[in-house]
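Please read the structure below before turning to the comments.
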Amino acid sequence: MQQSILEISYLIGSITFIVGLKMMGNAKTARKGNLIGAAGMTIAILGTIFLNEGKVSGLIYGLIFGAIALGTIIGWLTAKKVQMTKMPELVSMFNGMGGACAALISLIEFNHYVHTEFPKLAFLGMMTGEFHPPHGFLLAIFAGLVIGSISFSGSVIAYLKLNGTMNKPLRLPAYNIINLIVLLATLGFLALMVYYGGVKLDRPTMMPNGSMVYILLALALLYGVLFTVPIGGADMPVVISLLNSFTGLAAAFGGFLYDNKVMLTGGILVGSAGTLLTVVMCKAMNRSLGSVIFGAFGGGSAAAGNAAEVTGSIKDIQVSDLAVMMNYSKKVVIVPGYGLAVAQAQHIIHELELLLEERGVEVKYAIHPVAGRMPGHMNVLLAESNVSYDKLVEMEDINPEFEQTDVVLVVGANDVVNPAAKTDPSSPIYGMPILEVDKAKNIIVNKRSMSAGYAGIDNLLFYDPKCSMFFGDAKKALTELVAELKTM
Amino acid sequence: MEQILNFISTNREMIYFVVLSIFVGVEVIGGVPTVLHTPLMSGANAIHGVVIVGAIYVMLKVDVSNTLALVLGFLAVLLGTLNVVGGFVVTDRMLEMFKKK
Chain A
11 MQQSILEISY LIGSITFIVG LKMMGNAKTA RKGNLIGAAG MTIAILGTIF
61 LNEGKVSGLI YGLIFGAIAL GTIIGWLTAK KVQMTKMPEL VSMFNGMGGA
111 CAALISLIEF NHYVHTEFPK LAFLGMMTGE FHPPHGFLLA IFAGLVIGSI
161 SFSGSVIAYL KLNGTMNKPL RLPAYNIINL IVLLATLGFL ALMVYYGGVK
211 LDRPTMMPNG SMVYILLALA LLYGVLFTVP IGGADMPVVI SLLNSFTGLA
261 AAFGGFLYDN KVMLTGGILV GSAGTLLTVV MCKAMNRSLG SVIFGAFGGG
311 SAAAGNAAEV TGSIKDIQVS DLAVMMNYSK KVVIVPGYGL AVAQAQHIIH
361 ELELLLEERG VEVKYAIHPV AGRMPGHMNV LLAESNVSYD KLVEMEDINP
411 EFEQTDVVLV VGANDVVNPA AKTDPSSPIY GMPILEVDKA KNIIVNKRSM
461 SAGYAGIDNL LFYDPKCSMF FGDAKKALTE LVAELKTM
Chain B
858 MEQILNFIST NREMIYFVVL SIFVGVEVIG GVPTVLHTPL MSGANAIHGV
908 VIVGAIYVML KVDVSNTLAL VLGFLAVLLG TLNVVGGFVV TDRMLEMFKK
958 K
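So the sequences go chain by chain: A and B.
The numbering used here applies: residue 11 is where the first sequence begins, and numbers increase by one.
The numbering used here applies: residue 858 is where the second sequence begins, and numbers increase by one.
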């Protein structure tokens, strides 16, 4: 009876995941979809705890409830308090925790196997002369352990990269070969452990020894680090999305282990959806998944090679001139980038937009697919400061409009407006679709300094004769601009 | 060879299940606008937190005298909860902003 109700609660959970995820694909139903998924998850979790039929000591219930209570409080507060600019880091962190959870499950399950199941099997083996390790069971355990650990250590590195602690891609010489060797070693060791049963008997005591699993754990953790470390910051969203689908896969292996359908559906769903999302993201940046993982990007050598070709000079513009220019424009397009978000200038840019609209200037925002740190990140940031949804125009739709645009104001964006992506085949970002701001009549770039963008390369746009630099911290500079405009 | 065939035939329901789930996953994401990629990734991130069910499951059958397993199990449930709760709450925060026009 209880078992049937539990199965039904898992069925409900699985359906809500599918429906919820589907609804999240549409802006109108997205929020509800997320809540439906959360409700299904709650049902599945409560079912697992309360519909359990075995006898369980109070201590264990206490620990479970303690962990859930603590996790809920910390998770809730962190998610509520985090600044929207820091969101990609947070998603990465939560993803890593899911991976670590999957790895821990495998470790405990293996520990259990070593001390209860293995001795029985070994005894049987001694009687009959044949030892049959449970291959499927071990494969599910070790695969969950390896994938979960890779996801965990990879996510931690992604987190450190996104928050700037580790902002240079670090490359060992021949890192691709080293990575491949570590990966093959991990997989090979996994296969051996599955084949031979994963446990050795210590002689002469004949005690089962399961410590080899820690070697597998160490290899997987090492691979997660090596895998993520050489990847440049600009490609981090792709990596997080990929690690996200890894964790899904790890959860699915947990589902195999327990023949648990809700873990299977949830895990596989995220695994396949996450992989597709990763590919779609790569497409938006015109990069193949292979070149993200194995290729060089955002390194220093490419920047040095490019700098020599840059000719011309950079001119800057004063706030009063800029205010006049904007005031008498018909159409202004704002190109927001991560720099805008870092300077917390979303609100002041909205004020600028309202002020210009009041004066009869048409204002739009051009959103590059990877503006911010993740696809759609910029939309979230601008929506937070009440910018109307229909003012945000996607790249394909805004590009033809630049020719009729009087002023393009680029705030804190760099690589997504770099014409080198179209003109210079030697550039590392060559081929990436960009916002064609160089077609506009005037280009104003707000930057704190002349430093290179996230991809670490020089921007030819700044040397364009139509381009003027408006130096300063985005928030401070825009506040001055708004003040100047108000006096007119 | 025979072993592999045996494996497939004994696990055929599971294999159907996996293959169909993969297609559902691909279908569900198809045609999503770029704008929603980040919330979607975050939502999917919360959903793989379902691994917490496994953590609870393993905890329920841990031997009380096995301190190592108790500690690791506690950690697993804690991390799983963080993944689930944090994931759903941060996704809701992102999507909340899309709603008000």
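Just so you know, even glycine gets a beta-carbon here, dropped at the ideal spot from N, CA and C.
The structure displayed is predicted, hence computed values, not measured ones.
For residue i, name the three-state secondary structure that DSSP assigns.
{"i": "residue 480 (chain A)", "result": "strand"}
{"i": "residue 336 (chain A)", "result": "helix"}
{"i": "residue 270 (chain A)", "result": "coil"}
{"i": "residue 344 (chain A)", "result": "strand"}
{"i": "residue 327 (chain A)", "result": "coil"}
{"i": "residue 316 (chain A)", "result": "Low per-residue confidence applies at residue 316 (chain A): pLDDT is 43, beneath 50, and the placement is therefore not dependable, though the value from the model is reported in the following sentence. Residue state, collapsed to three classes: helix."}
{"i": "residue 469 (chain A)", "result": "coil"}
{"i": "residue 439 (chain A)", "result": "coil"}
{"i": "residue 419 (chain A)", "result": "strand"}
{"i": "residue 38 (chain A)", "result": "coil"}
{"i": "residue 402 (chain A)", "result": "strand"}
{"i": "residue 903 (chain B)", "result": "helix"}
{"i": "residue 219 (chain A)", "result": "strand"}
{"i": "residue 184 (chain A)", "result": "coil"}
{"i": "residue 212 (chain A)", "result": "strand"}
{"i": "residue 372 (chain A)", "result": "strand"}
{"i": "residue 427 (chain A)", "result": "helix"}
{"i": "residue 496 (chain A)", "result": "helix"}
{"i": "residue 456 (chain A)", "result": "strand"}
{"i": "residue 377 (chain A)", "result": "strand"}
{"i": "residue 874 (chain B)", "result": "helix"}
{"i": "residue 14 (chain A)", "result": "helix"}
{"i": "residue 308 (chain A)", "result": "The predicted model places residue 308 (chain A) with a pLDDT of 41, which falls under 50 and marks its position as unreliable; any figure quoted below should be read in that light. Residue 308 (chain A) falls in the coil class under three-state DSSP."}
{"i": "residue 256 (chain A)", "result": "helix"}
{"i": "residue 93 (chain A)", "result": "coil"}
{"i": "residue 354 (chain A)", "result": "coil"}
{"i": "residue 450 (chain A)", "result": "coil"}
{"i": "residue 869 (chain B)", "result": "helix"}
Is the distance from the Cβ of residue i to the Cβ of residue j below 8 Å?
{"i": "residue 204 (chain A)", "j": "residue 152 (chain A)", "result": "yes"}
{"i": "residue 30 (chain A)", "j": "residue 53 (chain A)", "result": "no"}
{"i": "residue 225 (chain A)", "j": "residue 263 (chain A)", "result": "no"}
{"i": "residue 159 (chain A)", "j": "residue 253 (chain A)", "result": "no"}
{"i": "residue 281 (chain A)", "j": "residue 300 (chain A)", "result": "no"}
{"i": "residue 491 (chain A)", "j": "residue 350 (chain A)", "result": "no"}
{"i": "residue 912 (chain B)", "j": "residue 943 (chain B)", "result": "no"}
{"i": "residue 20 (chain A)", "j": "residue 272 (chain A)", "result": "yes"}
{"i": "residue 42 (chain A)", "j": "residue 51 (chain A)", "result": "no"}
{"i": "residue 279 (chain A)", "j": "residue 899 (chain B)", "result": "no"}
{"i": "residue 290 (chain A)", "j": "residue 344 (chain A)", "result": "no"}
{"i": "residue 108 (chain A)", "j": "residue 905 (chain B)", "result": "yes"}
{"i": "residue 219 (chain A)", "j": "residue 165 (chain A)", "result": "no"}
{"i": "residue 341 (chain A)", "j": "residue 372 (chain A)", "result": "yes"}
{"i": "residue 353 (chain A)", "j": "residue 484 (chain A)", "result": "yes"}
{"i": "residue 110 (chain A)", "j": "residue 162 (chain A)", "result": "yes"}
Round the Cβ separation of residue i and residue j to the nearest angstrom and send it over; I've been treating them as touching at under 8 Å.
{"i": "residue 327 (chain A)", "j": "residue 157 (chain A)", "result": "In fact, because the Cβ distance is near 52 Å, the residues do not count as touching under 8 Å."}
{"i": "residue 168 (chain A)", "j": "residue 248 (chain A)", "result": "Not a contact, Cβ separation roughly 10 Å."}
{"i": "residue 886 (chain B)", "j": "residue 347 (chain A)", "result": "That belief does not hold up - the Cβ atoms of residue 886 (chain B) and residue 347 (chain A) are roughly 26 Å apart, past 8 Å."}
{"i": "residue 116 (chain A)", "j": "residue 155 (chain A)", "result": "4 Å"}
Label residue i either buried or exposed according to how many other C-beta atoms from any shown protein chain fall within 10 Å of its C-beta, with 16 as the threshold for buried.
{"i": "residue 48 (chain A)", "result": "buried"}
{"i": "residue 928 (chain B)", "result": "exposed"}
{"i": "residue 876 (chain B)", "result": "exposed"}
{"i": "residue 410 (chain A)", "result": "exposed"}
{"i": "residue 363 (chain A)", "result": "buried"}
{"i": "residue 338 (chain A)", "result": "exposed"}
{"i": "residue 394 (chain A)", "result": "buried"}
{"i": "residue 11 (chain A)", "result": "exposed"}
{"i": "residue 242 (chain A)", "result": "buried"}
{"i": "residue 307 (chain A)", "result": "Because residue 307 (chain A) sits at a pLDDT of 46, beneath the cut-off of 50, its placement in the model cannot be relied upon, and the following sentence gives the value as read from the coordinates. Residue 307 (chain A) is buried by the Cβ-count criterion."}
{"i": "residue 435 (chain A)", "result": "exposed"}
Please list, in chain order, all residues of the same chain as residue i whose beta carbon is under 6 Å from its beta carbon, the five residues on each side excluded.
{"i": "residue 499 (chain A)", "result": "What the structure shows of chain A is the stretch from 11 to 498, and residue 499 (chain A) is not part of that stretch, so it cannot be assessed."}
{"i": "residue 16 (chain A)", "result": "57, 61"}
{"i": "residue 295 (chain A)", "result": "380, 442"}
{"i": "residue 267 (chain A)", "result": "150"}
{"i": "residue 315 (chain A)", "result": "Below a pLDDT of 50, predicted positions are generally treated as unreliable, and residue 315 (chain A), at 40, falls in that range; no measurement from the model is reported."}
{"i": "residue 952 (chain B)", "result": "896"}
{"i": "residue 482 (chain A)", "result": "none"}
Quick check: does the Cβ of residue i come within less than 7 Å of any heavy atom belonging to the ligand NAP?
{"i": "residue 365 (chain A)", "result": "This structure lacks the ligand NAP, and indeed carries no ligand of any kind."}
Once you ignore the five residues that flank residue i on each side, which residues in its own chain have a CB closer than 7 Å to its CB?
{"i": "residue 916 (chain B)", "result": "930, 934"}
{"i": "residue 489 (chain A)", "result": "358"}
Residues in its own chain within less than 8 Å of residue i by CB, not counting five upstream and five downstream?
{"i": "residue 865 (chain B)", "result": "872"}
{"i": "residue 304 (chain A)", "result": "186"}
{"i": "residue 251 (chain A)", "result": "284, 287, 288, 291"}
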